[in-house]
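Residue numbers (this note's numbering): 1419 to 2328.
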C-alpha cells in the first residue's frame, strides 16, 4: 500500500477499516463523521476512485494507491480544486471539506454536471451547499488583500485565515495530533428509561488485559451539576452527576472502561453486568405534571434550582399584559377574526459532523490539560474545577478547530469523564462519541407544543395574543430554563399588541435530554406565533407582508412579552422595514421567472403553487451577562498577535476578528495572528454561543486594537520628533512625512512587546431581524413539497464579511429546511430509533434550494463597527415561512413538524 505516494510498511489489525488505518499512519486529514458510509468526511481515492474509507477493510487494499486530501496539495502548493474552495469560501466549520474535495477531484465533466447525484454521499451541515457548488464551478467569492493594499478590510469578503489548511486537511481538529499513551474510554449505558442501580459487577472487565480502570458511581465525586454551560452556573438546575445511582433515560452512563485501545475498552464494557430495580417511567410531557405521574427527580431538594421536583416541573412562568379576553371581543366587535391553533415541533439532532469528544493529558508543569470539541472552554474549565474540587490554575481547557456545534457543544458531555479517568489512572485519556451516541445520549432540540390564540380587527391590527408553551426537557434540565424564557421572548415581543398572555412550562420526562440548539427556542415558538399571524392575514384578506408592517414594533415601542421588558435590550438600529421590502420585491420578481414561478408544474394535474413568508426578531447578545476579554500585542519582532477566548466552529469568528484587528491597525489580515479558545490566552470568555463571537469578543478586541494603535502612534511620534496627528500607522510601521519607523523599532522604543487589553460585558444588546419567503409547489396526490424559490432578507448591521455572512444565512436556512421538511428523531418508550444519519434525513445537496440573500442597510450603535450577530437568526423564520407557503398552495395549514409528504397528504385528504 502507498498513502499519498509513500510506501506503508505497517499491517492493519484484524477487522480494521481503512479510515482508522490511515489515521494510525499519522494522516489526520481523513475524518470520522459516522463510520457507517453515510457522510463522506472520510473519503479517499483508492487507485483514483473515491470511496468512503470507513467502509473499506484495510487488508483488501493492501496493494492500492491511497490518496487523501493532503496528497492532492499542500497549503503552499494547492491543487486547483483546493484553490477554488478557498476562493469560493466553500466551507464553514470545514470538517466535511477534506472528503468533499477528494470526491469532487475524481468527478468527470458529466458527473460535475449532476452534483445532486454525484455528491449524495457527501454531507455538509454548515453551508447549504451553494458555496461548495460555486467552488466546483470556479466562482470566486472572496478577495485577496496584500500588505501593499492595507485599506480597511471590514466589509470585504476576505478568505478565512485557515482556508488553505482546511482544504488540504492540515488544520487540526479535536481528535487530531493526539498525545501518546492514551486511555480510550467506552461507556456502558442504561438499557432502561428509569431504574435504580442495585449492583454492578466489574470484575471480569477489570481483569481483561489492557484495561486501566473501570469507573462507576463508586468513583463519582458526589457534586451535582448541569451539563448546560452559562456565564452564571446558577442559571441551570444541578440535577446531574458524573455517575448516578438512578438512571433516567436509555443510554445514561452506568459505567465506563478505560483501556489501551477502544477495541479493548468496548470488549471489556460488554463484560460488565448490572442489576436494576425498574422504576415507572413517563414519556409524555402532557402528563408530566399530572397527579400520579412518575417523578423523575422527586429525590431532589430546593437547592438544585428545579421549579418543582414533585410535579416534574423544571421551569415555568405565566404573565399577562392588558386583557386578552377583552382584546378578543374587541376584534370580533370590529368585524375581525380570531385564530386558535396548536403547533408541534419535533425532536431534532444537531448532526454536526464532528462528534463530541475530548482528549486529556498533563503538561510539563503537571497541569491537567483538556482539548475538547466545545464552544465554551472557559465555562468547561470552571465547571470541572467545581465538580472535582480543583483550582482553575491547575486546569487548562482549549480547543482546536471545532467541527460544527449549533449550540450542541455548549454542554459538558465528555470532559468530566476524561478528567475522572485521568485522575483515576494517572495517565492520558480520550473519549469520543460515536455517531450513534450523538443520537442516543447527546442532548437534542427541545420538542415543544405551542398553543396560540391571536385576534385582529378587520384592519389587521392585533388586539390579542395568547401563547401557551409546553417544552419536553427530557430526563435532565440542562438549558430548559433558558430555552423556555428565550423562546417566549423575541417571538412575542416582535409584535405590538396591548393584550398579551404567556403560559410556559418545561417538564421532565424519561426521554433523551434536550439542550441548546440554534435559535435557542425561538424557532419553535415562532413556528406557532408566525403561523397564527399568517392565518389572521389570510382570513382577513391582508397581504402577509403588510400584516407585519401593521403590527411589528418600531423604534420607540417597548419590547413586551408577558411583561414590559425593562432590561438592556434596545434598538441599536432598525432594518425590519427594509427586510420586508426586499423580501417582498424579490418574491414578486420570481413570479415572472420561469425557473422559479412554477408555471410548468402548475399546468400539470395535482400540483398547486403557493407563496409564504415569516418574520423573526432576535437579540444580538444573550441576556444575563456575556463577557469577553481580549489582548492585542505588538511583539518585539514587530508582529501582531491577537488573543481571544471565543471558539471557531464554522461561525466565522476568526475571520471577522482578523478583519477588525487589521482594519484598526492599518495592516493586511495576513499580518494578524489569532490565538483563541484557550483558557491560557486571556482572562475569561463566556463562549461562542448566542452568536456572540463578533458582537462581544469583537468589541473587546476592537477596544484593545484601538488602544494599541494609539500607543504605537504616540511612541512613534516621540521617536520621530513628530506630532502624533501627523503620524500614519501602516502595514510596516509609522510614517510622519519623510520620516519612518518600523514596527520592530516601535516595540524597541517600548522596551519590548507592547500589549493592550480590551473587555466587553455584553451589554447593552440590540435586535436583529430576518424575513424569509418561499414559493413552493405541492403535489396534492402525494404530499410532496418542492421549493421553487427561497430567499431571506437580513438586518445584520454593517456586514463585516459579505461572503461569509451570506454563507451563515444560507447554512441556517438549509438546516431549518431540514427541520421543516425532513428531520425527526423517533423514540419508542424512550428508546431512540433513529441512530444513524441514513435513517435521519439531514439535507443533501439535492434537497436544498439556493437561497437568495439580501441585506438591509443599517449601522448598529451597539455592535462593533456597526455590526450585528447573524449566525442563529437565519434559522428561525424558515419553518413558519414554509408552512405559510404550503397553506397558500393547498388551503390547509400543517401544524406539525416536519411537514413531510405523509403529513401534508393527510392534511389535504382530511
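C-beta: ideal position from N, C-alpha, C; glycine also.
Every value quoted in this text rests on a predicted model; they were computed, and no experiment measured them.
Checklist entry - The alpha helix (DSSP H) spanning residue 2138 covers which residue range? => result Position 720 of the chain shown, counting from 1, holds the residue named residue 2138. 2116-2138 is the span of the alpha helix (DSSP H), which, as asked, contains residue 2138.
Next on the checklist: What would DSSP say about residue 1650, mapped onto helix, strand or coil?
Outcome noted: Here the question's residue 1650 lines up with position 232 in the chain shown. Coil.
Item to check | CA-to-CA distance, residue 2292 to residue 1996, given in whole angstroms | outcome: As a first step, residue 1996 must be located in the chain shown, where it is residue number 578. As a first step, residue 2292 must be located in the chain shown, where it is residue number 874. For residue 1996 and residue 2292, the distance between alpha carbons rounds to 16 Å.
Checklist entry - In the region 1870-1910, which residue ranges form an unbroken beta strand (DSSP E) of at least 3 residues, counting only runs that do not cross its ends? => result Fully enclosed beta strand (DSSP E) runs of 3 or longer: 1880-1892.
Next on the checklist: Mapping the DSSP letters down to three states, classify residue 1672 as helix, strand or coil.
Outcome noted: The sequence position of residue 1672 within the chain shown is 254, counting from 1. The answer is strand: DSSP assigns residue 1672 an E or B state.
Checklist entry - Okay, do the region 1568-1587 and the region 2295-2304 touch, 3+ Cβ pairs below 8 Å being the bar? => result Contact annotation: the region 1568-1587 does not touch the region 2295-2304, with fewer than three C-beta pairs closer than 8 Å.
Checklist entry - With 16 other CB atoms within 10 Å as the buried threshold, where does residue 1648 fall? => result The residue given as residue 1648 occupies position 230 in the chain shown. With 16 or more Cβ atoms within 10 Å of its Cβ, residue 1648 is classed as buried.
Checklist entry - Are the region 2085-2098 and the region 1814-1825 touching, with three or more C-beta to C-beta distances below 8 Å? => result The region 2085-2098 makes contact with the region 1814-1825; the number of CB pairs closer than 8 Å reaches 3 or more.
Checklist entry - Going by Cα to Cα distance, which pick from 2018, 2030 and 1979 is closest to residue 2002? => result In the chain shown, counting from the first residue as 1, residue 2002 sits at position 584. Here the closest residue by C-alpha is 2030.
Checklist entry - At which residues does the alpha helix (DSSP H) containing residue 1552 begin and terminate? => result Position 134 of the chain shown, counted from the start, is the residue given in the question as residue 1552. Here the alpha helix (DSSP H) through residue 1552 covers 1548-1555.
Checklist entry - Is residue 1560 near residue 2221, with beta carbons less than 8 Å apart? => result Working through the chain shown from its first residue, we reach residue 1560 at position 142. Working through the chain shown from its first residue, we reach residue 2221 at position 803. Going by C-beta atoms, residue 1560 is nearer than 8 Å to residue 2221.
Checklist entry - Is the region 1916-1928 in contact with the region 2276-2295, if contact means three or more CB pairs nearer than 8 Å? => result By the criterion of at least three beta-carbon pairs nearer than 8 Å, the region 1916-1928 is not in contact with the region 2276-2295.
Next on the checklist: For residue 2033 and residue 2272, which I take to be in contact (beta-carbon distance under 8 Å), what is that distance rounded to the nearest angstrom?
Outcome noted: Here residue 2033 corresponds to residue number 615 of the chain shown, with the count starting at 1. Here residue 2272 corresponds to residue number 854 of the chain shown, with the count starting at 1. Distance from residue 2033 to residue 2272 at the Cβ level is roughly 14 Å; contact not present, criterion being Cβ atoms closer than 8 Å.
Item to check | residue 1762 - partner residues in DSSP beta bridges | outcome: Residue numbering aside, residue 1762 sits at position 344 when the chain shown is read from its first letter. DSSP, once it has assigned bridges, lists 1867 and 2314 as partnering residue 1762.
Checklist entry - Under a three-way DSSP split, which group does residue 1835 fall into? => result Your numbering for residue 1835 matches position 417 in the chain shown. If DSSP states are grouped into helix, strand and coil, residue 1835 belongs with the helices.
Checklist entry - How long is the line joining the alpha carbons of residue 1540 and residue 1583, rounded to whole angstroms? => result For the purposes of this step, residue 1540 is taken as residue 122 along the chain shown, with counting starting at 1. For the purposes of this step, residue 1583 is taken as residue 165 along the chain shown, with counting starting at 1. For residue 1540 and residue 1583, the distance between alpha carbons rounds to 20 Å.
Checklist entry - In whole angstroms, what separates the C-alpha of residue 1487 from that of residue 1462? => result By 1-based counting over the chain shown, the position of residue 1487 is 69. By 1-based counting over the chain shown, the position of residue 1462 is 44. Rounded to whole angstroms, residue 1487 to residue 1462 spans 7 Å at the Cα level.
Next on the checklist: For residue 2229 and residue 1770, I'd like the C-alpha separation in whole angstroms.
Outcome noted: Taking the first residue of the chain shown as position 1, residue 2229 is located at position 811. Taking the first residue of the chain shown as position 1, residue 1770 is located at position 352. Inter-residue distance for residue 2229 and residue 1770 is about 12 Å (C-alpha atoms, whole angstroms).
Item to check | Inter-stretch contact at 8 Å, needing at least 3 Cβ pairs: the region 1895-1902 / the region 1693-1703 | outcome: No, they do not touch.
Item to check | Whether residue 2100 touches residue 2074 by CB criterion (8 Å) | outcome: As a working note, residue 2100 is residue 682 in the chain shown. As a working note, residue 2074 is residue 656 in the chain shown. Not a contact, by the Cβ cut-off of 8 Å.
Item to check | Inter-stretch contact (C-beta, 8 Å, three-pair minimum) for the region 1441-1455 and the region 1480-1499 | outcome: These segments touch.
Item to check | Chain-order list of residues whose beta-carbon lies under 7 Å from that of residue 2310 (same chain, five-residue window excluded) | outcome: For this step, residue 2310 is matched to residue 892 along the chain shown. Counting only Cβ-Cβ distances below 7 Å, and skipping sequence neighbours, we find 2325 and 2326.
Checklist entry - Which residue from 1666, 1719, 1680 and 1687 puts its Cα closest to that of residue 1695? => result Position 277 of the chain shown holds residue 1695. Comparing Cα-Cα distances from residue 1695 to each of 1666, 1719, 1680 and 1687, the minimum goes to 1666.
Next on the checklist: Quick check: the region 1854-1864 against the region 1932-1939, are at least 3 beta-carbon pairs closer than 8 Å?
Outcome noted: Here the region 1932-1939 makes contact with the region 1854-1864; the two share three or more CB pairs at distances below 8 Å.
Next on the checklist: Taking the alpha-carbon of residue 2185 as reference, which of 1753, 1971 and 1594 has the nearest alpha-carbon?
Outcome noted: Residue 2185 sits at position 767 when you count from the first residue of the chain shown. With distances taken between Cα atoms, residue 2185 lies closest to 1971.
Checklist entry - Excluding five sequence neighbours on each side, which residues of the same chain lie with their C-beta closer than 6 Å to the C-beta of residue 2019? => result The residue you call residue 2019 lines up with position 601 of the chain shown. When the five nearest sequence neighbours on each side are left out, the beta carbons in the same chain lying within less than 6 Å of the beta carbon of residue 2019 are those of 2025 and 2195, in order along the chain.
Checklist entry - So residue 1833 packs on residue 1798, CB below 8 Å; how close in whole Å? => result Taking the first residue of the chain shown as 1, we reach residue 1833 at position 415. Taking the first residue of the chain shown as 1, we reach residue 1798 at position 380. Separation of the CB atoms of residue 1833 and residue 1798 is rounded to 5 Å, and the pair is thereby assigned contact status at 8 Å.
Checklist entry - Given that a residue counts as buried once 16 or more other Cβ atoms are within 10 Å of its Cβ, and exposed if not, what is residue 2022? => result The residue you call residue 2022 lines up with position 604 of the chain shown. Residue environment: residue 2022 is assigned as exposed (fewer than 16 neighbouring CB atoms within 10 Å of its CB, all protein chains considered).
Item to check | Host alpha helix (DSSP H) of residue 2226 (start-end) | outcome: For the purposes of this step, residue 2226 is taken as residue 808 along the chain shown, with counting starting at 1. Per DSSP, residue 2226 belongs to the alpha helix (DSSP H) from 2220-2239.
Checklist entry - Sorted by chain position, which residues of the same chain lie with C-beta nearer than 6 Å to residue 2068's C-beta, five sequence neighbours on each side aside? => result For the purposes of this step, residue 2068 is identified with residue 650 of the chain shown, where counting begins at 1. So the qualifying residues of the chain are 1510, 1511, 1544 and 1822.
Item to check | Sequence ranges, alpha helix (DSSP H) only - wholly within the region 1911-1962, length at least 4 | outcome: As far as the region 1911-1962 is concerned, its whole alpha helix (DSSP H) runs of at least 4 residues are 1940-1958.
Next on the checklist: Let me confirm a value: residue 1984 is counted as buried when at least 16 other C-beta atoms fall within 10 Å, else exposed. Which label applies?
Outcome noted: As a first step, residue 1984 must be located in the chain shown, where it is residue number 566. Residue 1984 counts as exposed, since fewer than 16 other C-beta atoms from the protein chains shown sit within 10 angstroms of its C-beta.
Next on the checklist: My output table needs one value for residue 2073: the three-state DSSP class, helix, strand or coil.
Outcome noted: The residue you call residue 2073 lines up with position 655 of the chain shown. DSSP, reduced to helix, strand and coil, places residue 2073 within a helical segment of the structure shown.
Checklist entry - So what does residue 2052 bridge to, in DSSP terms? => result For this step, residue 2052 is matched to residue 634 along the chain shown. 2058 and 2172, per the DSSP bridge assignment.
Item to check | The alpha helix (DSSP H) enclosing residue 1518, as first and last residue numbers | outcome: Within the chain shown, numbered from 1, the residue matching residue 1518 stands at position 100. It spans 1515-1523 - the alpha helix (DSSP H) in which residue 1518 sits, taken as one unbroken run.
Checklist entry - Mapping DSSP to helix, strand and coil, what is residue 1638? => result Here residue 1638 refers to the residue found at position 220 when the chain shown is read from its first residue. Three-state DSSP puts residue 1638 in coil, outside helix and strand.
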